[in-house]
Amino acid sequence: MYSIVVENIYLLVIVTLISVLQNAFFLLKVEKECKGVHKNPAAFERVSCANRNCMDAYPTFLAVMWCAGLCLSQAPASFAGIIYLVVRQKYFVGYMGQTSQSTPGYLFGKRVLFFLFLMCIVGIFNYLLVRFCSSDYKEYVETITSAASALLLLP
Amino acid sequence: MYSIVVENIYLLVIVTLISVLQNAFFLLKVEKECKGVHKNPAAFERVSCANRNCMDAYPTFLAVMWCAGLCLSQAPASFAGIIYLVVRQKYFVGYMGQTSQSTPGYLFGKRVLFFLFLMCIVGIFNYLLVRFCSSDYKEYVETITSAASALLLLP
Amino acid sequence: MYSIVVENIYLLVIVTLISVLQNAFFLLKVEKECKGVHKNPAAFERVSCANRNCMDAYPTFLAVMWCAGLCLSQAPASFAGIIYLVVRQKYFVGYMGQTSQSTPGYLFGKRVLFFLFLMCIVGIFNYLLVRFCSSDYKEYVETITSAASALLLLP
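Protein chains in written order, with the working numbering: chain A, -1 to 153; chain B, -1 to 153; chain C, -1 to 153.
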């Protein structure tokens, strides 16, 4: 039981751990700015806002990534998760930047989340096909998904 | 392995996906108001607050729904999840409404969360009964739970 | 299938349920202060801020605890989860206290989260050892982890 479970989720767990490290990094940044809030209130406001936006989207990201990994295949889901973390890092750093910069908005990583969302739908659709039509396309779908996940690297 | 896992969670995954869509809808509303914040700061404040309250309760909801689905039975848990999403939609739309309207408060969907919470407790209790007394009431409990979940439809 | 799954997660589910109860307690506190916000805006600000900090860290905590419980062993993970909930309760109550008190900061329960984080890494490392070297240290690791979790009780 133990090995089978871990075999199917260990990449997802690794991505989750990296995201936790990133959350800790964000919180440390906020705490650092919080101590110097009297000198630079605008910077604290920006970093706190960036952290809040990232945290608001965090449960959604975790839920979609784990669903995609469990329903279809963990390798492309974890790869998309890594890409999402890179996008989030860029968003956070960009938000902390110059005041004159335009606010990067609330949404980020839309493309990655959309890809993971599609993976979930395909996984469930494939399960229903297996159940009601006894036709299993899982291997083809996994190959296509792995190939498609490379498209996320496009800027 | 794969089919067994997906068979037991696919309804939960579908509800999770719907909740993700709803989150995206909320974020789009916030972003739309954010662009017009100079014209109508009160509306932005309201929609941002409604979004924050919904997001604060989101991990709690996901955790309780998945626990209830895994411990007892996925069909009533998913049904309660759908009801929760409907309640949340009504809460969000009501919050965005007239300023004169009384604030709907921080809590919403208490009844649904309480029902899911009870499902978890019953599921764990049943597991302990199976383990220590070798008496399995799971089928009766599932039937009762499915029937009881219809009570959530009462206004 | 059902019994095997519940057997490996029931302690985690119980800790999750307790954390949900605690979230409800926090929200009730916020709602109570919100009604008296005209009399004491500082108290509302404090309790709302404490609640937001707790909620921001909540998905991270859930993710790490479940990963640790699934990858290695549920008993020490649940024990660490209980300790985290106690720390969070102390943090929340401390935050609500006197205004003159120094702000307790954004981070709390660092030690517990770090312990759970280590558990995840050890669990994945052990899985990779099993897979590539066919040497299973899981029982030793579980014993050491259970003993080490007692160290969290140190103040």
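The beta-carbon is built from N, C-alpha and C at its ideal position, and this holds for glycine as well.
Indicate the three-state DSSP secondary structure (helix, strand or coil) for residue i in the structure shown.
i                           : result
leucine 70 (chain C)        : coil
tyrosine 135 (chain A)      : coil
glycine 121 (chain A)       : helix
glycine 79 (chain A)        : helix
serine 100 (chain C)        : Confidence at serine 100 (chain C) is low in this model, with a pLDDT of 48, below 50, so the placement of that residue should be treated as unreliable; the coordinate-derived value is given next. Coil, per DSSP.
phenylalanine 24 (chain B)  : helix
valine 18 (chain C)         : helix
methionine 196 (chain C)    : Shown here, chain C extends from -1 to 153; a query on residue 196 (chain C) therefore has no answer.
threonine 143 (chain A)     : helix
asparagine 38 (chain A)     : coil
leucine 152 (chain C)       : coil
phenylalanine 106 (chain A) : coil
leucine 9 (chain C)         : helix
leucine 60 (chain A)        : helix
Compare the beta carbon distance of residue i and residue j with 8 Å and say whether it is the shorter of the two.
i                          : j                          : result
serine 76 (chain B)        : leucine 9 (chain B)        : yes
leucine 114 (chain A)      : alanine 78 (chain A)       : yes
leucine 111 (chain A)      : phenylalanine 42 (chain A) : no
cysteine 118 (chain B)     : valine 62 (chain B)        : yes
phenylalanine 23 (chain C) : cysteine 52 (chain C)      : no
phenylalanine 90 (chain A) : alanine 48 (chain A)       : yes
glutamine 20 (chain C)     : arginine 86 (chain C)      : yes
isoleucine 81 (chain A)    : valine 13 (chain A)        : no
isoleucine 2 (chain A)     : glutamine 72 (chain A)     : no
tyrosine 135 (chain A)     : leucine 127 (chain A)      : yes
Whole angstroms are fine: how far does the CA of residue j sit from the CA of residue i?
i                           : j                           : result
serine 100 (chain C)        : phenylalanine 106 (chain A) : At serine 100 (chain C) the pLDDT is 48, less than 50, meaning the model places this residue with poor confidence and gives no usable figure here.
glycine 67 (chain C)        : proline 74 (chain C)        : 8 Å
glycine 92 (chain B)        : arginine 129 (chain A)      : 41 Å
cysteine 156 (chain C)      : valine 4 (chain A)          : Since the first and last residues shown for chain C are -1 and 153, residue 156 (chain C) lies out of range.
cysteine 32 (chain B)       : serine 132 (chain C)        : 56 Å
isoleucine 16 (chain C)     : lysine 27 (chain B)         : 33 Å
alanine 146 (chain B)       : glutamate 140 (chain B)     : 10 Å
valine 35 (chain A)         : valine 18 (chain B)         : 35 Å
glutamate 137 (chain A)     : threonine 143 (chain A)     : 10 Å
valine 45 (chain C)         : methionine 94 (chain C)     : 6 Å
lysine 30 (chain B)         : proline 39 (chain B)        : 12 Å
phenylalanine 123 (chain B) : proline 57 (chain A)        : 28 Å
lysine 37 (chain C)         : lysine 88 (chain B)         : 30 Å
leucine 152 (chain A)       : leucine 152 (chain C)       : 50 Å
arginine 50 (chain B)       : arginine 50 (chain C)       : 9 Å
For residue i, which residues in chain A fall below 7 Å Cβ to Cβ?
i                      : result
tyrosine 135 (chain C) : Going along chain A, no residue has its Cβ under 7 Å from tyrosine 135 (chain C), so there is no contact; the nearest lies around 13 Å.
proline 57 (chain C)   : Tyr56, Pro57, Leu60
So residue i contacts chain B; which residues on that side make the cut at Cβ distance below 9 Å?
i                       : result
threonine 14 (chain A)  : Correct list: empty, because the minimum Cβ distance to chain B is about 14 Å.
asparagine 21 (chain C) : Asp54, Ala55, Pro57, Thr58
List, in order along the chain, the chain B residues whose C-beta lies closer than 7 Å to that of residue i?
i                           : result
methionine 53 (chain C)     : Asp54
phenylalanine 115 (chain A) : Leu15, Val18
Below 8 Å on C-beta distance, what does residue i contact in chain C?
i                     : result
leucine 189 (chain B) : No information on residue 189 (chain B) is available, as it lies outside the stretch -1 to 153 that chain B covers here.
Assuming the contact rule is C-beta atoms closer than 8 Å, residue i and residue j should be a hit. Round their C-beta distance to whole Å, please.
i                    : j                   : result
leucine 70 (chain B) : valine 11 (chain B) : The pair is not a contact, with the Cβ atoms about 17 Å apart (cut-off 8 Å).
Against residue i, what residues of chain C qualify as contacts under a CB-to-CB distance less than 7 Å, listed in chain order?
i                      : result
cysteine 118 (chain B) : Val11, Leu15
List, in order along the chain, the chain A residues whose C-beta lies closer than 9 Å to that of residue i?
i                     : result
glycine 121 (chain C) : Val4, Tyr8, Val11
Chain A partners of residue i, CB-CB under 8 Å?
i                     : result
cysteine 65 (chain C) : Val11, Thr14, Leu15
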